[in-house]
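Asks:
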Amino acid sequence: MFSIFQYQFIQNAFMAGTCVAIVAAIMGYFVILRGLTFAGHALPNIGFAGAAGAVLLGFDPVIGLLAFTIIAAIAIGVLGKALRERDIAVGIIMTFALGLGILFLSLYSGYAERVYSILFGQIVGISLENVLFTTLSSFLTLVILLLVFRPLLFSSFDPEVAEARGVPVNLLGLVFLVLVAITVSIAVQIVGALLFFTLLIGPAATTIRIVQRPIWAILLASILGICYTWLGIFFAANGTWPVSFYIATISFGVYLPIRLLSPLWIGQHARKSMPSRQDTFLPHMQSLEQEQNNSTEATGRKSELTR
Amino acid sequence: MGSERQEPVVELEHVRIQFGKRTILDNVNMTVNEGEFIAILGPNGAGKSTLLKVLLGLIKPSVGKVRVLGRPPRRGNSDIGYAPQHRILEADLALRARDVVGFGLDGHRWGTGLPNQKRRATIDTILQEVDATTFSEAPVGQLSGGEQQRLLIAQALLSNPRLLLLDEPLANLDIIHEQEIVALVNNICRARNVAVMLVSHDINPLLPVVDRVLYMANGQSTIGTTDAVITSAALSKLYGSPVEVVQALGRLFVVGAET
């Protein structure tokens, strides 16, 4: 059962999967915070169209992926500032890109295996070279994310105040979207569009129901992402069903009970503040009690005196 | 040093603000001094929030001179604390109360920042000042409007500003919480000697505490004490149409102005 670990392609899958899981989870935290979930879904699909175009023209699919996702990210960032408006922009851009993708595929006479693998992934079929490239680019993305961590969090939560405090809010928003686009382009070739979206949203969505502190949230999201990926590859390598199915199912299986049960402990937090709010009245009550004690003491003394 | 402290916190001379061809405000003249509590009143769309954004350097006036602490307005001015118009924060938002407050300290700095005792202590002190220690660890989405407002004020205070700009902090609050926030802002204003400019739709909760009132309507504005500004004569002149100020049950009502 554990003999699978001696195969090079399984080791490669674990390495690359781990890198993608970490970056996707941390990025996913911001994607959810900024209300960009739909954009996170659309970018891999837009990238698919780019890859199809690149294959048709005889380029490496990654060039098409990068070109399409980065242009789309900038368009989404510029067109849609408010959430509603942004989702409409995302929808329009994605459907246009998918239309192009279908055209490119129909024009291409060969068997577009590399393009289909972008939709569904091929994590157990990647080379060591792919692994190294994924590791390096994931590391770079992570460094940039950590560098902009505080202002990005601030501007996600309260863009108006952040802007007044001198944070370049619009530029940061654009940089973040482009960063998502680049990550999509690299990760999608490894794990596929479906799996990337799972690793982007699943761990972060579960995490924000459990912890509130940003640092813990991104740590827990990364750990969940790694666990899902490892379990998924492990099951897939020992079985016959695809990796994406396992990882998506585990992600959903963890999210569902936590989503349903979380009102228990999230509400608990607020209730915890209720009794402690009453504590503020306690000193007052104590002083009343003290007064009463004093007065009984005083009357006691008085009675002593009278005695 | 002594003479420097006398310099006004805000100076506006003949300021006009335009969006395209539409003039929002014209010929605004005012001076706000250190530690003054100013209420900004007026109907919706009168340019109350816009004026705050001018002071923050987010909007440039088309005509006139603006000075904040003797200098032109600029973004990232840590002498100004700002809490924008309040919106109810999403219930799922994954941040604790103290994280929101902490943005005021170092949210604009690069990197992740490391947890340290001094930062924690600074935030604890400010949470105490706004009476928010009891819910400092709670997720912000779970807090009431009044509690969230305290956090936004705490956040705005963390840079030790000399000017506090509060946009509609009393919106969506019931009368008890309204009074609590007014008392809190007044205490902060007096204890820190920080100038406060508070945008409100109703003067009544502020009547006992404000020093002066800036009333904006119809692109025009007038500033002065409540007794001088909230009168039938002054407001009729401002609106350019008959307006009646009625006093009833110890409250002021402006009749005929706002629809």
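Protein chains in written order, with the working numbering: chain D, 4 to 310; chain S, 427 to 685. All C-beta atoms in this analysis are idealised placements derived from N, C-alpha and C, irrespective of residue type, glycine included.
1) Rounded C-beta distance between Y641/S and T651/S? I'm assuming under 8 Å.
2) Find the residues of chain S that neighbour F314/D, judging by a C-beta separation of less than 7 Å, and give them in chain order.
3) Using the three-state DSSP reduction, which class does V441/S fall into: helix, strand or coil?
4) Compute the Euclidean distance between the alpha carbons of G571/S and R442/S, then round it to the nearest angstrom.
5) Do G502/S and the ligand HEM come close, with the Cβ less than 8 Å from some heavy atom?
6) Figure out for me which residue from S265/D, R168/D, P171/D and L182/D has the closest Cα to the Cα of I213/D.
7) Verify the CB distance criterion: does H534/S have a CB-CB separation below 9 Å to chain D?
8) Write down the C-beta distance between L234/D and Y249/D rounded to the nearest angstrom, noting that I regard them as a contact closer than 8 Å.
9) Counting only beta-carbon separations shorter than 9 Å, does V34/D have a partner in chain S?
10) Could you check where the alpha helix (DSSP H) with A207/D kicks off and where it finishes?
11) Could you name the residues of the same chain whose beta carbon sits closer than 6 Å to that of A251/D, not counting the 5 residues immediately before and after it, in chain order?
12) Quick one: Cα of R230/D to Cα of E563/S, how far?
13) Output the distance between the C-alpha atoms of E594/S and T476/S, rounded to the nearest integer angstrom.
14) When you compare the CB of L60/D with every CB in chain S, is at least one pair closer than 9 Å?
15) How many angstroms separate the CA atom of F561/S from the CA atom of A523/S?
16) Answer with yes or no whether the minimum CB distance from F529/S to chain D is below 9 Å.
17) Using a beta-carbon distance below 9 Å, is V435/S in contact with chain D?
18) On the DSSP bridge assignment, give the partners of M456/S in chain order.
19) L521/S and P469/S - do their beta-carbons sit closer together than 9 Å?
20) Quick check: T232/D and G20/D, are their CB atoms within less than 9 Å of each other?
21) Closest to V480/S by CA distance: which of N459/S, R576/S, M623/S and L578/S is it?
22) Pull up the distance between the alpha-carbon of L633/S and that of V608/S, whole angstroms please.
23) Could you tell me how far apart the beta carbons of V494/S and V436/S are, in whole angstroms, since I believe they sit closer than 8 Å?
24) Can you pull the chain D neighbours of D525/S, defined as C-beta to C-beta under 9 Å?
25) So if DSSP puts F463/S in a beta bridge, which residue, or which two residues, is it bridged to?
26) Looking only at its chain, what residues have a beta carbon closer than 8 Å to the beta carbon of F679/S, apart from the 5 residues adjacent to it on each side?
27) Given a cut-off of 9 Å on the beta-carbon distance, is the pair S188/D and L106/D in contact?
28) Quick one: what's got a C-beta closer than 6 Å to G124/D's C-beta in the same chain, skipping five residues either side?
29) Taking the alpha carbon of N586/S as the point to measure from, which residue in A659/S, E555/S, G483/S and V492/S has its own alpha carbon closest?
30) Comparing C-alpha positions only, which one of I77/D, I74/D and I29/D sits nearest to L150/D?
31) In three-state terms, what does DSSP make of P541/S?
32) Mind reading off the beta-carbon distance from L596/S to E606/S? Whole number of angstroms is fine, and I expect it under 8 Å.
33) Is DSSP giving S584/S helix, strand or coil here?
34) Give the interface partners of Q543/S over in chain D, defined as CB-CB distance under 8 Å, in chain order.
35) Indicate whether at least one CB of chain S lies closer than 9 Å to the CB of V26/D.
36) Which residues share a DSSP beta bridge with Y641/S?
Replies: Considering the structure as presented:
1) In the second sequence, the residue the question calls residue 641/S occupies position 215. In the second sequence, the residue the question calls residue 651/S occupies position 225. So it is not a contact: roughly 11 Å between Cβ atoms.
2) Residue 314/D lies beyond the stretch modelled for chain D, which goes from 4 to 310, so this question has no answer here.
3) For the purposes of this step, residue 441/S is identified with residue 15 of the second sequence, where counting begins at 1. If DSSP states are grouped into helix, strand and coil, V441/S belongs with the strands.
4) Along the second sequence, one-based indexing puts residue 571/S at 145. Along the second sequence, one-based indexing puts residue 442/S at 16. Those two C-alpha atoms are separated by around 34 Å.
5) In the structure on display, the ligand HEM does not appear, and there are no ligands present to speak of.
6) Position 210 of the first sequence, counting from 1, holds the residue named residue 213/D. Cα-wise, what sits closest to I213/D is S265/D.
7) Here residue 534/S is taken as the residue at index 108 of the second sequence, counted from 1. Yes - at least one Cβ of chain D is within 9 Å of the one on H534/S.
8) Reading the first sequence from its first residue, position 231 is the one you call residue 234/D. Reading the first sequence from its first residue, position 246 is the one you call residue 249/D. Right, their Cβ atoms sit about 7 Å apart.
9) To locate residue 34/D, count along the first sequence from 1; it is residue 31. Cβ-Cβ to chain S under 9 Å: no for V34/D.
10) Along the first sequence, one-based indexing puts residue 207/D at 204. Counting along the chain, the alpha helix (DSSP H) containing A207/D begins and ends at V172 to T210.
11) Position 248 of the first sequence, counted from the first residue, corresponds to residue 251/D. Same-chain partners within the cutoff: T201.
12) For the purposes of this step, residue 230/D is taken as the residue at position 227 of the first sequence. For the purposes of this step, residue 563/S is taken as the residue at position 137 of the second sequence. The residue you asked about is not Arg; residue 230/D is Cys in the sequence shown. For C230/D and E563/S, the distance between alpha carbons rounds to 28 Å.
13) Along the second sequence, one-based indexing puts residue 594/S at 168. Along the second sequence, one-based indexing puts residue 476/S at 50. Roughly 13 Å separates the two Cα atoms.
14) Along the first sequence, one-based indexing puts residue 60/D at 57. With 9 Å as the cut-off, L60/D does not count as an interface residue toward chain S.
15) Within the second sequence, numbered from 1, the residue matching residue 561/S stands at position 135. Within the second sequence, numbered from 1, the residue matching residue 523/S stands at position 97. The straight-line gap from Cα to Cα measures roughly 7 Å.
16) Reading the second sequence from its first residue, position 103 is the one you call residue 529/S. By this cut-off, F529/S is an interface position.
17) Locating residue 435/S in the second sequence gives position 9, counting from the first residue. No, its Cβ sits nowhere closer than 9 Å to a Cβ of chain D.
18) As a first step, residue 456/S is located in the second sequence; it is residue number 30 there, counting from the start. DSSP output for M456/S lists L438/S as bridge partner(s).
19) Stepping through the second sequence from its first residue, residue 469/S is reached at position 43. Stepping through the second sequence from its first residue, residue 521/S is reached at position 95. No, the Cβ-Cβ distance between P469/S and L521/S is not below 9 Å.
20) Here the question's residue 232/D lines up with position 229 in the first sequence. Here the question's residue 20/D lines up with position 17 in the first sequence. Yes; because the gap between Cβ atoms is below 9 Å, this pair is in contact.
21) Looking up residue 480/S in the second sequence gives position 54. Of the candidates N459/S, R576/S, M623/S and L578/S, the one whose C-alpha sits nearest the C-alpha of V480/S is M623/S.
22) In the second sequence, counting from the first residue as 1, residue 633/S sits at position 207. In the second sequence, counting from the first residue as 1, residue 608/S sits at position 182. Cα to Cα, L633/S sits roughly 10 Å from V608/S.
23) Indexing the second sequence from 1 puts residue 494/S at position 68. Indexing the second sequence from 1 puts residue 436/S at position 10. Rounded, the Cβ-Cβ distance is 6 Å, consistent with contact.
24) Taking the first residue of the second sequence as 1, we reach residue 525/S at position 99. Here the neighbours are L156, F160, Q215, R216 and P217.
25) One-based indexing of the second sequence puts residue 463/S at position 37. BP columns for F463/S point to V622/S.
26) Translated into positions along the second sequence, residue 679/S becomes position 253. Around F679/S: V671, V672 and Q673.
27) Here residue 188/D is taken as the residue at index 185 of the first sequence, counted from 1. Here residue 106/D is taken as the residue at index 103 of the first sequence, counted from 1. Against a cut-off of 9 Å, the Cβ pair of L106/D and S188/D comes out as no contact.
28) Your numbering for residue 124/D matches position 121 in the first sequence. Here the set comprises V194, G195, L198 and S247.
29) As a position in the second sequence, residue 586/S is number 160, starting the count at 1. Cα-wise, what sits closest to N586/S is E555/S.
30) Translated into positions along the first sequence, residue 150/D becomes position 147. When each option's Cα is compared against that of L150/D, the closest is I29/D.
31) The count along the second sequence starts at 1 and reaches residue 541/S at position 115. Reduced to three states, the DSSP call for P541/S is coil.
32) For this step, residue 596/S is matched to residue 170 along the second sequence. For this step, residue 606/S is matched to residue 180 along the second sequence. Contact flag wrong, Cβ pair sits at about 10 Å.
33) Walking along the second sequence from the start, residue 584/S turns up at place 158. The sequence given here has Leu at residue 584/S, not Ser. In the structure shown, L584/S sits in coil (DSSP, three-state: anything other than H, G, I, E or B).
34) Numbered from its first residue, the second sequence carries residue 543/S at position 117. The contacting residues do not exist; Q543/S stays about 16 Å from chain D at best.
35) In the first sequence, the residue the question calls residue 26/D occupies position 23. No - not a single Cβ of chain S is within 9 Å of the one on V26/D.
36) As a first step, residue 641/S must be located in the second sequence, where it is residue number 215. L467/S and T648/S.
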